[in-house]
Structure formats: C-alpha cells, structure tokens
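Residue numbers for the sequence shown follow this note's numbering, beginning at 155 and rising by one.
C-beta: ideal position from N, C-alpha, C; glycine also.
If you're wondering where the values come from, they're calculated on a predicted model, not measured in any experiment.
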Amino acid sequence: MNLPKDLEDIYSKAMQKVERGKQAKDAHHLLLWLLYAYEPLNMFQVREVVAINVHKQTVKNNKGMKLRLDAIVDSSLVIIGSDNVAQFAHASVKEFLIKYNMSAQVKNMLDINRQLADDMIAQACIIYIIHVADRKEKKNGFEELPLWDYACQNWLLHARCIEEKQQASPLESLTKRY
C-alpha cells in the first residue's frame, strides 16, 4: 500500500475517486458551490444543491432523504462542521482545487473555475426559483426551502459575472424563457 506523500497527493487521490464515482456530477456541482457561493451552505442547502440538475433544468424531489455527503465527495475534501455548515476539510483543499485545476496532475479531472461556477450557480438558482414557483403545494410558505433565500438574493450576482465576461451561456436562454 502506498501512503500519500503530502496533502496534494491526498487531495489528488480524493479527486480521482470523486471523478470515477457514481455521483461525479453531484460532486462537481457541490465543489463549485463550496468554492464560489457568496455564503456558506448548511447541510439542508447542500441537499437542495445536489437535487438540482442544471443540464436537464430539473429539481429532484429529495424530501425526507438523508444527505450522505460521504457518498458524493471524499471526506478528505468536504465535511459538515459542528455548526451543520458544509466546508472544505482544510483550508488547503480550496487552495489545491484552485491552484491545481490546470496542472498536469489533475488535467483529466473535473473542471473547476470561477466562470463555470458562476454560470452553473446562476442557472441552478433560477431553476430552483422556477421549480418552487411551479410547485402546487406551498403549505408552509418558504420555510421548507433552504436554498430559496440564497437563490433569490444571489442569482443575479452570479449572472453578472458571466455577463461581464461576455460569454455565451445556457443561462441567457434560461433567463429569456421566463
């Protein structure tokens, strides 16, 4: 058995495991949120984030499902802290993900960059808002919608970052549709 040489080796192996995992898309989505969201996410918000499929523009019904973060992403990368907030296991994880995104070491791994994150998060927020607006049963108002406040308050901030870079994005067609 080969022991990791250093933290970078640990994180590289964890990222390779994530990429090969059944929930690689969910893990990628979550890592982008944790890196570039304007606020920390609690475990209930993480469950909502993982339920959003940006490509299909849908939100899975995950009510009553227990979040198994360890099934999505390796615990050497992300943990739920004692305050129920999802966070990187160590500050060096964030540095690793940003610094080594373009290196040969992680060349074939998930693409992690600010522009992609802003685009994906803005789309996810809009999809979530539309999903909530379309829901038939709004029994308890917005209390049971952990991502609602974030989505309403921040989707435009993320969208503006894309607009400033003048990039074509699925976000444009999504916002024009509604």
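Contact belief for residue i with residue j at Cβ below 8 Å, rounded distance in angstroms
i: LEU186; j: LEU270; result: 7 Å
i: LEU251; j: LEU189; result: 6 Å
i: LEU195; j: VAL204; result: The pair is not a contact, with the Cβ atoms about 10 Å apart (cut-off 8 Å).
i: ASP228; j: VAL172; result: 6 Å
Spatial neighbours of residue i in its chain, beta-carbon cut-off 6 Å, leaving aside the 5 residues before and after
i: GLU317; result: none
i: TRP309; result: ALA276, CYS279 and ILE280
i: ILE283; result: ALA305
i: GLN211; result: ILE281
i: PRO158; result: ILE164
Alpha-carbon to alpha-carbon, residue j and residue i
i: MET274; j: TYR304; result: 14 Å
i: ARG289; j: SER166; result: 41 Å
i: VAL208; j: ALA313; result: 14 Å
i: ILE206; j: ASP160; result: 34 Å
i: SER236; j: ALA245; result: 16 Å
i: GLN259; j: ILE266; result: For GLN259, the pLDDT reaches just 46, beneath the cut-off of 50, and the residue's location in the model is therefore unreliable, although a value from the coordinates is still provided. Distance between the alpha carbons of GLN259 and ILE266 is about 14 Å.
i: ARG268; j: ALA191; result: 10 Å
Cut-off 8 Å between Cβ atoms - residues of its own chain near residue i, not counting five sequence neighbours on either side
i: ARG201; result: ASN216, MET219, LEU221 and PRO300
i: ASP183; result: Sequence check: residue 183 is His here, not Asp. So the qualifying residues of the chain are VAL203, VAL204, ILE206, VAL208, MET274 and ALA278.
Identity of the residues DSSP links to residue i by a beta bridge
i: ASN196; result: VAL239
i: ASN115; result: What is shown of the chain runs 155 to 332, which leaves residue 115 out entirely.
i: VAL232; result: PHE242
Contact check, residue i vs residue j, beta carbons under 7 Å
i: ILE226; j: ALA181; result: yes
i: CYS306; j: ASP272; result: no
Sequence-distant residues of the same chain with beta carbon closer than 7 Å to residue i, five excluded per side
i: ILE234; result: MET197, LEU223 and ALA240
i: GLU193; result: TYR304
i: VAL247; result: TYR165 and LEU231
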